[in-house]
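Q:
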Amino acid sequence: MGVHRQVLRQPGRDLGEGDTMRTHRKTSLAAGVLAAMTAVQVAVTVPATAAAPDDHHYGAAIPAERRAAALGGGWARSTDRSWTTAGDENGLRLLVADAADGYRWRTAATLAEPGFDTDRWIGNVCVTGSGRRAVVVYAPRTFTNEQILFDRGGFTAVVDLTSGAVHKLGVRTSLAYFNPGCGPGEDAVLTQATEAGGARTRLLRVDARTGAVRTPVDVPGQLTSPVPTPAGIVAADRDAVVRVDPKGTRRVLARASSTPFRLAADDAGGVVFMEKSGPGRARVRHAGATTVTVAEGALSGLDVTSGRGGRVFVTGAGRTAPIRRGVALSDAPAGSRLSTEGALVVAPARRRGGTVTIAARAAATDTTMSFSVEAATPAVAGPAAADPGNPADFDDRFCSVPRNDPRNQAMQPKPRQVEWAVDQAVRGVLTVPRPANWKSLAMPAYTPQGLFPPLALDGGGAVPAQIMLAIAAQESNLWQAARYAVPGVTANPLIGNYYGIDIYNGTQDDDWTIRWDHADCGYGVTQVTDGMRLAGRTKPGETALPYQTQRAVALDFAANVAAGLRILQAKWNQTRAEGLTIGTGDPAKIESWFYAAWAYNSGFYPRSQAGQHNGAWGVGWANNPANPNYPANRGPFLEKKTDEGYRDDYTDAIHPQDWPYPEKIIGWAAHPIDALEAPDTMVSGYRKAWWSDSEAQHNATPKPWQFCDPSNNCTYGSAYVPDAPEVIGEPAGPCAHRNTAGQIDLKCWYHGPATWQPCPNLCGNEVLRFDPGYAYQEDGLAYPPACDLSGIPVTARVIDDVPDGVPSVRPDCGRPWTDAGTFGLRYKPDATGRYPGKIDTHQLGMGLGGHFWMANTRSAGTLGGRLDVDGTWRFDQEHHGRGRILVHLPPLVNGTTRAYYTVKTRWGDRISVLNQRGAGNRWASLGTFAFDGRPEVTLSSVTPGGDGSQRVAFDAVAFVPADGYQPVKVMHWNIAGAAINWGEETIVDRVVTRATEQRVDVLSVNEICQQQFDKLTDKLRDAGWQMTGQFQTTNRYNVLCLDPSGLGGNEGIAVFTRGSVISQQRYQFDDQYRLQPGSTGVGRGVACITTYLPGRSQNLKACTTHLDTGWPDDTDRRAIKEVAELGRVFGPEAQQMPLILAGDTNISSPPVTPDLGPLYPAPLGAGDFNEAFQEENCTKVQPCLIQQGGPPTFHSGRKLDYVFASRWHLTVPVGGARVDENVGTCDGDPCSDHFPVYAEIHMPDL
């Protein structure tokens, strides 16, 4: 069976509902990890096996006052660095902590590649000798389910652990446990398994400082575990440690009794390695001038790990011998990771949901502690022409049920629904009726096991539920829909490599090239591939299922379970009929299904075809536990033996590539995944199987040598180099089978009965949570859609993202509106005429009408723009006048904070940038614009810094006619009340004259003395234009502001309103240029009034500010920092209400400056305001672009004074602002060195 591989969430150990049979073999964390280890939590908390003492539970780092006690003296000067990894659906997170910072954990980088539906990214990491850089091989978890992806599917990158810079390499390498390998310097070695027919192993030496991949070294035959040394690459050969020169020639450094593994280079040119010394035994040796044994013990109880500059640590208890400097023994258990200098011992990270838990111990003090740290956040001959506007590609596809078709959406089931379906299916009663048009999918009526009747097992009995559930966990994480959907929400069905992207070769250069005929077409929970290609495009020997049956497999989790179960039953019958049984062959026992799981994943070669393979037949070599691709010292998957017994070890899920498929199935049967039940709610995915005791459970997994004996030409502990053309590049190992040409071909296919623990007493048993006939488990209710137009005016014209007539798959969600136009997505072609952006497009059953499209953010020019996605809403009625544009936003926790909408207006394109992140269905305004034709709105997936980690939602757009408006007249003037006017009244008279002549509603004044403010208030009243003002002191004592009696002296800023005052606010910049409420009377600030102006539709907030001296006069760039703070504080307010901000910024234009970007809108900046003069050019040229600047407001010809208005609630009319350079004279001199600014701002009627 072909499969698409997914990743699992790190299971925690919470009891699920009804989970009364689960047993927890808990031991103390101290015994299970070290003598006593540290629990480090990243993001949300996961229960550790045993809690660390409360007095050692810290925050992000050890508090400074406790570091000496916890870490010992000298911690502040230490260069020690610890690291670990934690993967989730968003990427493989590389976490780093430095001793000198109290081991404060931080995310150095998150590595992922677009286009993969996976629940977890996994990988291998090595750190260079300096401790500064890491070389990482990473991939979706399910790449471990296919040998070809395991061999050469891993993406590669170099990460600077200090800066977080990532250098991705254009090569694809092995996911084997030994790749990559670092040495004492800054080089690393990557292993690239050769493709079929190759004749050599390729070793790629990487300079981690530059990311340069040096000339590959091609070696005849096969080497494993390569590491760089100053004298060349050292690697493991079949029975020796060898040095490889640049020409690929090998020289033996040390002989070994078996194939060496776990190589680590020291700082003097020597190498530490492990070798098997007998059944279940191993020794660690050091190869230098001589070769000596340094430790000996149980195979699974020893390990080797590297530190800074060639330090090598041997972990695990064992008999020891004296060793050289730089190679040290540690009492840390095998599998632990020591920091670069060995000062902190860290266990593999545990993850649940958004939380990672790390156990560790400070070696110097033996102190345990617990940290809590927030985590950072692809050609087919002669196909029909691809459609650049259809995300579904109906004509081109090879897989039957298309992606991105709103009429083909799968609901994500709750884990209890999958468990219910499995429990019913294994008993043959999964007959829940699916009525015609179930979930508006236009399918005929059926029952799941009516479509896929169960097969009777050879020998009788039934499949244990936990075996089927474990397969579902490994294949799909219990998902039927794509990973973006939570239970109850619909989305694209989960499909394995729908586009046929070549993820199997050794390069990343073509990872977005679509090859339809290479598609895998594995669908849903059990990743069914058989019969799931489109009729007429099947593989040789494949028969397509009827199309409606294919849809049931793709869209209905229950039908998918029924189909997958039938395949598993067929594998049982096939292997059993050929004599492959485990123990007594009782199907009720978990271990009995090892062969069937083996065949389910990698196939079965029947005895009838043995003649074609020189006598070989049975289950394949890829999943044989003796295969050297898997570390010989591994323990059972998800379980660890400690001095105090056995305990769960879900950290194994971080590196599942270290176990063959059937061992993982046994592990998942014994240790259920944690799965999402509802947003922010994780539960046990299913009930676990049970054994008579913990030791029997631990022994459910066979030893590595179990299926290696003379019957399949296998000699465990020996090393034969594969040299048949199709397996060149595979590791040397115990398989000695030869083809008719006498070449080692790795066809050590096993075909006999096996037993490793006695059944029935000690073998595992199922737990059936839902008895036959148990009631159907209801769908999730997460993120209900918006099914009406509440929240917008009745005059709104709406265009949804799907056309009229497309039903919602979410229940009871109608469409009480008719689209007022059309919506379409648009893509850019690649060189073959395909559209890779479709791979990056997704649909979700949320938002308005129960559907929206989604794409991942990309930076401009990424892959030449081939991933860009544009969505355009075109209204079908013309409008001549103003209109307000509203967009519907679905709940999007990881939505982009900078969605770039382009609105086609009377004056040209205008960009509105919107934060899409948020909870709940809601309408948001893009602003009010002038139109002279059919309104049109375009949204792009391109955002500044877009890297695929955030989402862009394409939902509905509404147009609301807004021809009615009320003007708000604004006047701003820096009157130089002290510096030029010495506190005199003449300038006050000038302000009163201008304000009354212009009949201003809002008046902003800078550099005004307190006594001038008082007189201005009085004189405005006396002139019949009464305004209420707010004064903010910026200079508590200015001698030029003293009145004739020598009193006063306050200088500041003021804002006045003609309306009623609702509230007043004052803010002062502190010494960090952050605005603080109130007034100290010293330093620059902001004064605001919230007012109601008669006849206006909304309240208005009016603010004035005067910033510090600007660049280049001020090298501290104070004004620039203050502008950024204005954007931070008042931008969110401008999104919520009409807001006007006027003042002297002391930042001049021209020239155009980015320093005002926190206020200006895109493309001039990233702010939430329009500036009064930005449309001035439209009086001369149409269409026109907005521009920064305007007429000078200062006597030297510079513009320093600005009037900004909320772009969400107010409009700036073309030609609505002016500057009056005639300031008049005051006592014979110009009244001010600044000119008054007049602006008319429009407040649309609501």
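Residue numbers for the sequence shown, in UniProt numbering: 1 to 1246. Yeah, the Cβ is synthetic: ideal placement off N, Cα and C, and Gly gets one too.
Give the range of the beta strand (DSSP E) segment to which residue 168 is assigned.
A: Taking the first residue of the sequence shown as 1, we reach residue 168 at position 168. It spans 166-173 - the beta strand (DSSP E) in which residue 168 sits, taken as one unbroken run.
Q: Taking only the alpha-carbon atoms, compute the straight-line gap between residue 701 and residue 599 and give it to the nearest angstrom.
A: Position 701 of the sequence shown, counted from the first residue, corresponds to residue 701. Position 599 of the sequence shown, counted from the first residue, corresponds to residue 599. If you take the alpha carbons of residue 701 and residue 599, they lie about 17 Å apart.
Q: Suppose the cutoff is 6 Å on Cβ atoms and the five residues either side in sequence are ignored; what does the same chain contact list for residue 465 look like?
A: Within the sequence shown, residue 465 is the residue found at index 465, counting from 1. These residues qualify, in order along the chain: 422, 423, 426, 766, 768.
Q: So what's residue 923 in DSSP terms, helix, strand or just coil?
A: What you label residue 923 is simply residue 923 of the sequence shown in a count that begins at 1. Looking at residue 923 - three-state DSSP - the assignment turns out to be strand.
Q: State buried or exposed for residue 847, treating a residue as buried only when at least 16 other CB atoms are found within 10 Å of its CB.
A: One-based indexing of the sequence shown puts residue 847 at position 847. Result: buried.
Q: With a floor of 4 residues, list each alpha helix (DSSP H) that falls wholly inside the stretch 941-1019, ordered by position along the chain.
A: Positions of the alpha helix (DSSP H) runs, each at least 4 residues long and wholly inside the stretch 941-1019, are given as 986-998 in order along the chain.
Q: Using DSSP with H/G/I as helix, E/B as strand and the rest coil, what is residue 310?
A: Taking the first residue of the sequence shown as position 1, residue 310 is located at position 310. DSSP places residue 310 in helix when its eight states are reduced to three.
Q: Is the separation between the beta-carbon of residue 342 and that of residue 328 shorter than 8 Å?
A: The residue given as residue 342 occupies position 342 in the sequence shown. The residue given as residue 328 occupies position 328 in the sequence shown. In this structure, residue 328 lies closer than 8 Å to residue 342 by Cβ.
Q: Assign residue 65 to buried or exposed, taking buried as 16 or more other Cβ atoms, counted over all protein chains shown, within 10 Å of its Cβ.
A: Against the sequence shown, residue 65 aligns to sequence position 65. Residue 65 comes out exposed.
Q: Which residue from 967, 956, 90, 1123 puts its Cα closest to that of residue 1245?
A: The residue given as residue 1245 occupies position 1245 in the sequence shown. Checked all of 967, 956, 90, 1123; the closest Cα to residue 1245 is 967.
Q: Taking buried to mean at least 16 other C-beta atoms within 10 Å of its own C-beta, is residue 900 buried or exposed?
A: In the sequence shown, residue 900 corresponds to position 900, counting from 1. Residue 900 comes out buried.
Q: Tell me whether the stretch 1166-1174 and the stretch 1128-1146 touch, counting them as touching only if at least three CB pairs, one residue from each stretch, are closer than 8 Å.
A: With the cut-off at 8 Å, the stretch 1166-1174 and the stretch 1128-1146 touch.
Q: Classify residue 161 as helix, strand or coil using the three-state DSSP reduction.
A: For the purposes of this step, residue 161 is taken as residue 161 along the sequence shown, with counting starting at 1. Reduced to three states, the DSSP call for residue 161 is coil.
Q: Quick one: grab the DSSP three-state call for residue 414.
A: One-based indexing of the sequence shown puts residue 414 at position 414. Reduced to three states, the DSSP call for residue 414 is coil.
Q: Within its chain, find whatever has a CB closer than 6 Å to the CB of residue 584; leave out the 5 residues flanking it on each side and keep chain order.
A: Within the sequence shown, the letter at position 584 stands for residue 584. Same-chain partners within the cutoff: 759.
Q: Might you give, ordered along the chain, the residues of its own chain that have their beta carbon closer than 6 Å to the beta carbon of residue 686, omitting 5 neighbours on each side?
A: On the sequence shown, position 686 is the one that residue 686 refers to. Only 419, 469, 672 meet the Cβ criterion.
Q: Buried or exposed for residue 875, going by 16 or more other Cβ atoms inside 10 Å?
A: Stepping through the sequence shown from its first residue, residue 875 is reached at position 875. Residue 875 comes out buried.
Q: Keeping to the same chain, check which residues put their C-beta closer than 6 Å to that of residue 71; ignore five residues upstream and five downstream.
A: Working through the sequence shown from its first residue, we reach residue 71 at position 71. Excluding sequence neighbours, residue 71 sits near 362.
Q: What are the residues that DSSP puts in a beta bridge with residue 641?
A: On the sequence shown, position 641 is the one that residue 641 refers to. Residue 641 pairs with 646.
Q: Would you check if there are 3 or more beta carbon pairs closer than 8 Å linking the stretch 1024-1033 to the stretch 1057-1065?
A: yes
Q: Using alpha carbons as the reference points, say which of 89, 85, 101 lies closest to residue 1282.
A: The structure shown does not extend to residue 1282, since the chain spans only 1 to 1246, so no value can be given for it.
Q: Compute the Euclidean distance between the alpha carbons of residue 592 and residue 669, then round it to the nearest angstrom.
A: Against the sequence shown, residue 592 aligns to sequence position 592. Against the sequence shown, residue 669 aligns to sequence position 669. Whole-angstrom Cα-Cα distance: 13 Å.
Q: Roughly how many angstroms lie between the CA atoms of residue 712 and residue 605, to the nearest whole one?
A: Against the sequence shown, residue 712 aligns to sequence position 712. Against the sequence shown, residue 605 aligns to sequence position 605. Each residue's Cα considered, the two are about 13 Å apart.
Q: To the nearest angstrom, how far is the alpha carbon of residue 526 from that of residue 334?
A: Sequence index remark: in the sequence shown, residue 526 carries index 526 (1-based). Sequence index remark: in the sequence shown, residue 334 carries index 334 (1-based). Computed Cα separation, rounded: 34 Å.
Q: Using CA atoms only, rank isn't needed, just tell me which of 648, 675, 404 is closest to residue 555.
A: Here the question's residue 555 lines up with position 555 in the sequence shown. The candidate whose alpha carbon is nearest that of residue 555 is 404.
Q: Based on DSSP bridge pairs, tell me the residues matched to residue 904.
A: For the purposes of this step, residue 904 is taken as the residue at position 904 of the sequence shown. Paired residue(s): 909, 936.
Q: Between residue 853 and residue 841, how many whole angstroms is the CB-CB distance? I'm expecting something under 8 Å.
A: Taking the sequence shown and counting its residues from 1, one reaches residue 853 at position 853. Taking the sequence shown and counting its residues from 1, one reaches residue 841 at position 841. That belief holds up - the Cβ atoms of residue 853 and residue 841 are roughly 6 Å apart, short of 8 Å.
Q: Would a C-beta distance cut-off of 8 Å place residue 461 and residue 494 closer than the cut-off?
A: Position 461 of the sequence shown, counting from 1, holds the residue named residue 461. Position 494 of the sequence shown, counting from 1, holds the residue named residue 494. Their beta carbons are not under 8 Å apart, which means residue 461 does not touch residue 494 by this criterion.
Q: To the nearest angstrom, how far is it from the Cα of residue 613 to the Cα of residue 747?
A: Within the sequence shown, residue 613 is the residue found at index 613, counting from 1. Within the sequence shown, residue 747 is the residue found at index 747, counting from 1. Cα-Cα distance, rounded: 8 Å.
Q: Closer than 7 Å by C-beta to residue 1092: which residues in its own chain qualify, once you throw out the five before and the five after it? Chain order, please.
A: Walking along the sequence shown from the start, residue 1092 turns up at place 1092. Closer than 7 Å at Cβ, skipping near neighbours: 1059, 1060, 1062, 1099.
Q: Apply the 10 Å Cβ neighbour rule to residue 1222 and answer buried if 16 or more other Cβ atoms are within range, or exposed otherwise.
A: Numbered from 1 along the sequence shown, position 1222 holds the residue referred to as residue 1222. Counting Cβ neighbours within 10 Å, residue 1222 comes out exposed, since fewer than 16 surround it.
Q: With 16 other CB atoms within 10 Å as the buried threshold, where does residue 400 fall?
A: The count along the sequence shown starts at 1 and reaches residue 400 at position 400. Classification of residue 400: buried, given that the 10 Å Cβ count is 16 or more.
Q: Do you know offhand how far residue 946's Cα is from residue 646's?
A: Within the sequence shown, numbered from 1, the residue matching residue 946 stands at position 946. Within the sequence shown, numbered from 1, the residue matching residue 646 stands at position 646. Annotation: residue 946 to residue 646 spans about 45 Å, alpha carbon to alpha carbon.
Q: Who are the near neighbours of residue 573 in its chain, counting only those whose CB is closer than 6 Å to its CB and skipping five residues on each side?
A: Here residue 573 refers to the residue found at position 573 of the sequence shown. Same-chain partners within the cutoff: 458.
Q: Cβ atoms of residue 906 and residue 943: under 8 Å apart, would you say?
A: As a position in the sequence shown, residue 943 is number 943, starting the count at 1. As a position in the sequence shown, residue 906 is number 906, starting the count at 1. No, the pair does not count as a contact, with Cβ atoms beyond the cut-off.
Q: What whole-angstrom Cβ distance do residue 263 and residue 234 have, given they're in contact under 8 Å?
A: Translated into positions along the sequence shown, residue 263 becomes position 263. Translated into positions along the sequence shown, residue 234 becomes position 234. At roughly 7 Å, the Cβ-Cβ gap stays under 8 Å, so residue 263 and residue 234 are in contact.
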